[in-house]
Structures are given as C-alpha cells and as structure tokens.
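So the structure is just underneath, and the comments pick up after that.
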Ligand code: FES
Ligand SMILES: [Fe+2]
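Pasting the structure below:
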C-alpha cells in the first residue's frame with residue numbers, strides 16, 4: 001500500500017549526490033507520486049487559445065485523472081474529470097472539439113459545459129427524489145483552476161500555495177513568451193506531437209537541461225550537420241535553423257561550461273546562454289527577423305524590445321511536467337502513465353502580429369526537436385528506455401547525480417546556480433520531489 005511508505009524510508013531514497021533506483025521502478029512509489037505530486041501541484045492544462053469559444057474543449061491528464069478542459073457558456077474555463085457520474089463510463093474520447101454538451105455513450109446522461117447534469121433519459125423510471133441539481137450527479141470538477149497570461153493551470157488539491165507562488169520566478173518565462181508577440185497575444189497553432197516511451201516520467205525533465213549528454217546522445221545529427229559544407233551565408237531560413245540547431249548539440253566542454261544553470265526549491269530550472277551566437281541570437285540579421293523586430297519595436301519601443309529578445313532561457317522546466325521554450329514558442333507536457341510508461345505531448349504557438357515565416361520556424365523547430373520524426377527527442381527517448389531497462393537490474397541500487405555538486409551556489413531561498421556542466425537540475429528536482437513526497441518535511 002502506497003501510504004505505508006514512511007517518511008524516513010522516502011528520505012533514505014534521495015541524497016544530494018544520488019537517488020535510489022526504486023524512484024524509477026517501484027509501482028508503490030509511482031502511486032504515491034500521483035497523489036502527493038500530481039495530486040497536489042499546479043499542472044498545465046491548456047492554453048486559452050485552444051478553447052476560444054463557449055463549447056470548445058481539449059482533453060489532458062493530471063496524474064491518473066483524465067480531464068476535459070471546457071469553455072463554458074459564460075466564457076469561464078472549467079476542468080471536468082472525464083467519467084460519467086452514472087456508471088462511470090468515459091464521457092469523451094476526442095482529444096479536442098466543440099460541443100453543446102457532453103452526452104455519455106452508455107445511457108445518454110447529458111452534462112453541461114460546467115459539468116452539471118442537464119438531462120437523463122426515461123425520467124419516469126427514476127425515484128421521485130432524483131434531482132438533476134444534486135451535486136453528486138454532476139461530473140467531478142477541479143477544485144482549483146487559474147490562468148497566468150493565457151496559460152491555464154489546475155490543481156487537484158483544494159488548498160495549497162497559489163499559482164503565482166507555485167510558479168515563482170518562472171512567471172518571467174511565461175511573461176517573456178507572451179511579450180515576444182507584437183500584438184501581445186500568442187495562439188496554439190499547427191499539429192500536436194504525441195509520443196510514448198517505456199520509461200519513468202522523471203527521465204524527461206532530468207534530461208532536458210542535462211548539458212553533458214547532447215554531444216553523445218545526439219552525435220549522429222551533430223556529425224551530419226558538421227559534414228554539411230553547403231554555404232548558408234544567404235540562408236534558406238529553415239535549413240539554416242536546422243543546421244545550427246544540430247551543430248549546437250555538438251558544443252565542446254568549454255561552451256557547455258559557459259552556460260548558466262539556475263534551479264529553485266520548487267524543482268523548476270532553466271538553462272541560460274544556449275545558442276548565444278546562433279540563429280536565436282537577438283542581434284541576428286535576416287529579412288524575417290528584421291520585420292519581426294520592427295513589429296515588436298512598434299509595440300514596445302526599442303529598449304524594451306531589446307530586453308525581451310535578449311532573454312535567453314532555453315528549456316524552462318516547470319516541475320513536475322512542463323517545459324517551455326519562449327525563443328521558439330514551444331511547449332512540452334509530460335504525462336506519467338505508469339511507473340515505466342510516459343507520454344510526451346509537444347506543440348508550438350504563433351506570435352500574433354509576427355511574420356508568418358517566424359511561425360514556420362517554430363513548426364520546424366517542433367518537427368526537428370519534439371515530433372516522432374525528430375532527430376532529437378527520438379534519441380532521448382531511446383536513452384530513457386535504455387535507462388529503464390538498465391534499472392531493471394537490482395544492482396547497483398543508486399544513480400549518481402554529483403556532477404557539479406561542489407560548485408552549486410545555493411542561497412537561503414533554495415535558489416541554485418551553477419555552470420553548464422552540472423547536474424544542478426537533478427538536485428533541484430529531487431529536492432522538490434522529497435518535499436512533496438514527505439508533505440513538506
Ligand atoms: S454510464 Fe454514463 S449514462 Fe450510464
Ligand atoms: Fe537530448
């Protein structure tokens with residue numbers, strides 16, 4: 001039984017320099033994570049642009065819960081657990097769509113966009129006291145749901161820290177994401193990439209800001225980019241972008257060392273200084289970028305525009321399960337399915353008021369890095385599955401995460417800083433893991 005894992009036992013599984021293999025392989029630990037982490041934290045649900053009109057909905061997951069996010073008649077956003085209040089059938093099988101109401105496929109109970117029971121067939125067969133307004137007959141709704149600049153988050157816990165407290169300094173990452181739009185708004189656009197891997201959910205976030213792995217794991221695409229001797233002086237934009245991205249993964253130790261990693265007590269982290277001189281550099285010069293920059297300056301003025309574009313955070317990891325990249329308008333969402341099975345969902349956004357070619361770059365980035373046809377996430381997934389297979393061995397019991405430990409600078413708030421060659425993000429994540437799992441102890 002998951003609740004029988006004592007605090008002290010959990011405490012023995014996590015150390016600053018190492019974590020125990022049970023964190024990745026033990027179904028009881030996974031069950032407890034679904035309650036204490038995914039049942040507690042604010043989780044990203046959807047972007048408001050995905051459900052602009054009343055009746056629009058998207059589906060997502062919050063730990064074990066299958067959740068429908070709807071826009072109600074009054075314009076408010078609701079989170080509904082996707083389980084009919086009658087006999088428990090899954091109500092909605094579509095990933096997104098538009099409805100007037102949700103009608104269950106089993107006996108046709110019909111629920112309104114806010115989850116209230118609206119009608120049932122054959123009313124005369126039900127007892128006289130049967131009341132459509134009885135809250136026990138409505139869909140279960142999320143106790144808390146809130147937006148931050150268009151990003152909708154929900155929590156399965158009725159009480160706890162506010163969304164702003166939970167996001168902490170990561171609100172700046174969301175702010176910068178939206179500020180990059182010349183019209184001040186972003187919208188989800190293009191396709192949605194979904195992949196599953198046979199590995200634990202924590203492997204994704206450990207890897208995303210792990211600055212030592214790219215030269216090894218992504219060696220094949222680095223080598224192909226290095227072998228490509230075409231002249232990109234007059235860049236065909238998308239090719240130039242792909243080429244530079246692949247080359248960046250081949251950084252040497254000195255270049256990785258020049259990056260800055262920052263982590264927080266809540267488990268969030270980001271990598272600063274990546275692609276400094278590449279296609280994402282704020283001082284780049286090509287026709288698309290010039291038009292985009294001019295549109296942004298028309299809204300914000302030169303000084304603020306320079307500040308917005310200079311914000312250089314690659315992979316803003318929101319613990320436990322979201323990764324944001326403002327520079328290329330990307331999001332990845334990690335959904336745990338079982339102790340050894342995880343789904344990754346990725347999509348990108350259009351910056352309203354920016355040249356359409358900029359959106360094409362975002363789509364290209366998504367394809368290259370996060371789609372099933374990618375040259376990057378597919379490599380990482382191969383490694384996640386190899387880690388999971390390796391951990392099926394009972395020994396050794398521990399996974400090392402000591403790289404850079406001696407040079408982490410930590411302040412009183414738990415904010416950590418280190419250079420690029422460090423497992424700082426792991427330490428931030430497992431510090432938060434332990435706090436959530438032991439109820440803050
Ligand atoms: S289970 Fe949904 S109406 Fe019966
Ligand atoms: Fe990678």
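In our numbering, the protein residues as written are 1 to 441. Here a beta-carbon is modelled for each residue, glycine too, at the ideal position from N, C-alpha and C. This one's a predicted model, so the numbers in the text were calculated from it and none came from an experiment.
So for residue 321, helix, strand or coil by DSSP?
Here residue 321 corresponds to residue number 321 of the chain shown, with the count starting at 1. Residue state, collapsed to three classes: coil.
Going along the chain, which residues put their C-beta within less than 5 Å of some heavy atom in ligand 3?
Inclusion of ligand 3 in the displayed structure is not the case, the ligand content consisting of ligand 1 and ligand 2 alone.
Output needed for residue 189: all residues of its chain with C-beta closer than 6 Å, excluding positions within five of it in sequence on either side, in chain order.
In the chain shown, counting from the first residue as 1, residue 189 sits at position 189. The beta carbon of residue 189 sits closer than 6 Å to those of 350, all from its chain and outside the five residues before and after it, given in chain order.
Could you pull out every unbroken beta strand (DSSP E) segment of at least 3 residues lying fully inside the region 284–358, listed in chain order?
313–318, 322–325, 330–338, 341–351
Between the alpha carbons of residue 63 and residue 331, how many angstroms are there, rounded?
For the purposes of this step, residue 63 is taken as the residue at position 63 of the chain shown. For the purposes of this step, residue 331 is taken as the residue at position 331 of the chain shown. Roughly 18 Å between the two C-alpha positions.
heavy atom of ligand 2 below 7 Å from residue 204 C-beta
Position 204 of the chain shown, counted from the start, is the residue given in the question as residue 204. Incorrect: residue 204 has no Cβ contact closer than 7 Å to ligand 2.
Taking C-beta to C-beta, are residue 204 and residue 334 nearer than 8 Å?
Locating residue 204 in the chain shown gives position 204, where the first residue counts as 1. Locating residue 334 in the chain shown gives position 334, where the first residue counts as 1. Yes, these two residues count as a Cβ contact at 8 Å.
Give the range of the alpha helix (DSSP H) segment to which residue 24 is assigned.
For the purposes of this step, residue 24 is taken as the residue at position 24 of the chain shown. Start and end: 22–25.
What do you reckon, are the CB atoms on residue 255 and residue 156 nearer than 8 Å?
For the purposes of this step, residue 255 is identified with residue 255 of the chain shown, where counting begins at 1. For the purposes of this step, residue 156 is identified with residue 156 of the chain shown, where counting begins at 1. Not closer than 8 Å, so no.
Starting from residue 443 and walking both ways along the alpha helix (DSSP H), at which residues does that stretch end?
The structure shown does not extend to residue 443, since the chain is modelled only from 1 to 441, so the question has no answer here.
Taking residue 82 as the reference, which of 73, 76, 96 has the closest Cα?
Within the chain shown, the letter at position 82 stands for residue 82. Comparing Cα-Cα distances from residue 82 to each of 73, 76, 96, the minimum goes to 96.
Among the residues of its own chain, which have a CB less than 8 Å from the CB of residue 150, if the five just before and after it don't count?
For this step, residue 150 is matched to residue 150 along the chain shown. Contacts found: 47, 48, 49, 178, 185, 186.
Leaving out five residues on either side along the sequence, give the residues of the same chain with a beta carbon under 8 Å from the beta carbon of residue 59.
Sequence index remark: in the chain shown, residue 59 carries index 59 (1-based). Within the same chain, residue 59 has close Cβ partners 66, 67, 68, 69, 82, 92, 94, 95, 96.
Specify whether the region 165–172 and the region 392–402 touch according to this definition: at least 3 beta carbon pairs, one from each stretch, less than 8 Å apart.
no
At what residue ranges does the region 192–234 contain a whole run of the alpha helix (DSSP H), taking only runs of 4 or more?
Within the region 192–234, the complete alpha helix (DSSP H) runs of at least 4 residues are 202–208, 214–217, 219–227.
In its own chain, which residues sit with a C-beta less than 8 Å from the C-beta of residue 12, not counting the 5 before and 5 after it?
One-based indexing of the chain shown puts residue 12 at position 12. The answer, listed in chain order, is 20.
Using 7 Å as the cut-off, classify the Cβ of residue 315 as near or not near the heavy atoms of ligand 2, replying yes or no.
In the chain shown, residue 315 corresponds to position 315, counting from 1. False, no ligand heavy atom lies under 7 Å from that Cβ.
Can you tell me whether DSSP reads residue 436 as helix, strand or coil?
As a working note, residue 436 is residue 436 in the chain shown. Here residue 436 sits in helix by DSSP.
Quick one, are the C-beta atoms of residue 266 and residue 222 less than 8 Å apart?
Residue mapping note: residue 266 aligns to position 266 of the chain shown, counting from 1. Residue mapping note: residue 222 aligns to position 222 of the chain shown, counting from 1. The criterion of a C-beta distance shorter than 8 Å is not satisfied by residue 266 and residue 222.
So which of 308, 310, 336 has the shortest CA-CA distance to residue 321?
Position 321 of the chain shown, counting from 1, holds the residue named residue 321. Minimum Cα distance to residue 321 is reached at 336.
Can you determine whether any heavy atom of ligand 2 sits closer than 7 Å to the C-beta of residue 209, and answer yes or no?
As a working note, residue 209 is residue 209 in the chain shown. Within 7 Å of the C-beta of residue 209 there is not a single heavy atom belonging to ligand 2.
Please say whether residue 42 and residue 166 have beta carbons closer to each other than 8 Å?
Counted from its first residue, the chain shown places residue 166 at position 166. Counted from its first residue, the chain shown places residue 42 at position 42. In contact: residue 166 and residue 42 (Cβ atoms closer than 8 Å).
I need the straight-line Cα distance from residue 88 to residue 104, nearest angstrom please.
For the purposes of this step, residue 88 is taken as residue 88 along the chain shown, with counting starting at 1. For the purposes of this step, residue 104 is taken as residue 104 along the chain shown, with counting starting at 1. If I take the Cα positions, the gap works out to 10 Å.
Name the DSSP beta bridge partners of residue 77, please?
By 1-based counting over the chain shown, the position of residue 77 is 77. Beta-bridge pairing links residue 77 to 71.
Cβ-based neighbour list, residue 37, same chain, cut-off 6 Å, excluding 5 preceding and 5 following:
Working through the chain shown from its first residue, we reach residue 37 at position 37. Excluding the 5 residues flanking it on each side, residue 37 has same chain C-beta neighbours closer than 6 Å at 320, 436, in chain order.
Between residue 355 and residue 286, is the Cβ-Cβ spacing less than 8 Å?
Here residue 355 corresponds to residue number 355 of the chain shown, with the count starting at 1. Here residue 286 corresponds to residue number 286 of the chain shown, with the count starting at 1. No, they are not a contact pair.
Below 6 Å CB to CB, which residues in the same chain sit around residue 414 once its five sequence neighbours on both sides are set aside?
The count along the chain shown starts at 1 and reaches residue 414 at position 414. Once the five neighbours on either side are set aside, the close Cβ partners of residue 414 are 265.
Given a cut-off of 8 Å on the beta-carbon distance, is the pair residue 197 and residue 385 in contact?
Mapped onto the chain shown, residue 197 falls at position 197. Mapped onto the chain shown, residue 385 falls at position 385. Residue 197 places its beta carbon less than 8 Å from that of residue 385.
For residue 113 and residue 55, what's the separation of their Cα atoms in angstroms?
In the chain shown, the residue the question calls residue 113 occupies position 113. In the chain shown, the residue the question calls residue 55 occupies position 55. Those two C-alpha atoms are separated by around 7 Å.
Residue 339 and residue 26 look like a contact to me (Cβ under 8 Å); what is the Cβ gap, rounded to whole Å?
Your numbering for residue 339 matches position 339 in the chain shown. Your numbering for residue 26 matches position 26 in the chain shown. About 7 Å; that satisfies the 8 Å criterion.
Is residue 381 close to ligand 2? I mean its beta-carbon at under 7 Å from any heavy atom of the ligand.
Position 381 of the chain shown, counting from 1, holds the residue named residue 381. No, Cβ of residue 381 sits at least 7 Å from all heavy atoms of ligand 2.
Short Cβ contact (8 Å threshold) for residue 17 with residue 218
Here the question's residue 17 lines up with position 17 in the chain shown. Here the question's residue 218 lines up with position 218 in the chain shown. No.
Which term fits residue 216, buried or exposed, when burial requires 16 or more other beta carbons within 10 angstroms of its beta carbon?
By 1-based counting over the chain shown, the position of residue 216 is 216. Counting Cβ neighbours within 10 Å, residue 216 comes out exposed, since fewer than 16 surround it.
Starting from residue 398, trace the beta strand (DSSP E) in both directions and tell me its first and last residue.
To locate residue 398, count along the chain shown from 1; it is residue 398. 398–400 is the extent of the beta strand (DSSP E) around residue 398.
Does the beta carbon of residue 213 fall short of 7 Å from some heavy atom of ligand 2?
Numbered from 1 along the chain shown, position 213 holds the residue referred to as residue 213. Yes, ligand 2 has a heavy atom inside 7 Å of this Cβ.
Rounded to a whole number of angstroms, what is the C-alpha to C-alpha distance between residue 259 and residue 418?
If you number the chain shown from 1, residue 259 lands on position 259. If you number the chain shown from 1, residue 418 lands on position 418. In a straight line, the C-alpha of residue 259 is about 9 Å away from that of residue 418.
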